[in-house]
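Input: a single structure, listed below in structure tokens.
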Amino acid sequence: MNDAQTWTLIGGFITVVSIMSTMLLRLVDAKVERLDGRFDAIDHRFAAMDEKFEARFAAMDEKFEARFVSMDAKFGAMDTKFGAMDAKFDSMRAEMNTRFDEVNRRIDHLDGDVQALTRHVFHREDG
0 MNDAQTWTLI GGFITVVSIM STMLLRLVDA KVERLDGRFD AIDHRFAAMD
50 EKFEARFAAM DEKFEARFVS MDAKFGAMDT KFGAMDAKFD SMRAEMNTRF
100 DEVNRRIDHL DGDVQALTRH VFHREDG
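Numbering (numbering that gives the first Met the number 0), first residue to last: 0 to 126.
Next up, the structure:
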């Protein structure tokens, strides 16, 4: 084998290795392209799931907001009722105090009458 044949053989090997590495790179590139497609599909699925979750959370937020508004209205009505009850209790307290004052006045008057009768019956003048 002479130098020309050796260099031709080396060139052939380099060509074969270059062709095989090119084929390997094309194969790897095709695999990466398929993986990119799969990742894009997964991204679309996640985006769809995000939209579903956003819609669900928005619906739940609206439900909770409506319930809190109705609870606020109910608490407002209860506050109004308690205010009315406080006013009634205040008026009842004032009326009871007036009646107790009248009863005390009558008891004091009766006490004075009992003392006068006792002095008259027992003829006591120490009063």
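Built from N, CA and C at the ideal position, the CB exists for glycine as well.
Task: Backbone secondary structure at His-122 - three-state DSSP - done: His-122 carries a coil assignment under DSSP once its states are collapsed to helix, strand and coil.
Task: Residues near Glu-50 in its chain [Cβ-Cβ closer than 6 Å; skip 5 each side] - done: Cβ neighbours of Glu-50 beyond the five flanking positions: none.
- [ ] Let me know the secondary structure DSSP gives Asn-96 once reduced to three states.
- [x] Secondary structure of Asn-96 (DSSP, three-state): helix.
Task: For Met-0, the three-state DSSP class (helix, strand or coil) - done: Of the three classes helix, strand and coil, the one that applies to Met-0 here is coil, per DSSP.
Task: Glu-53 versus Glu-61: straight-line alpha-carbon distance, rounded - done: For Glu-53 and Glu-61, the distance between alpha carbons rounds to 12 Å.
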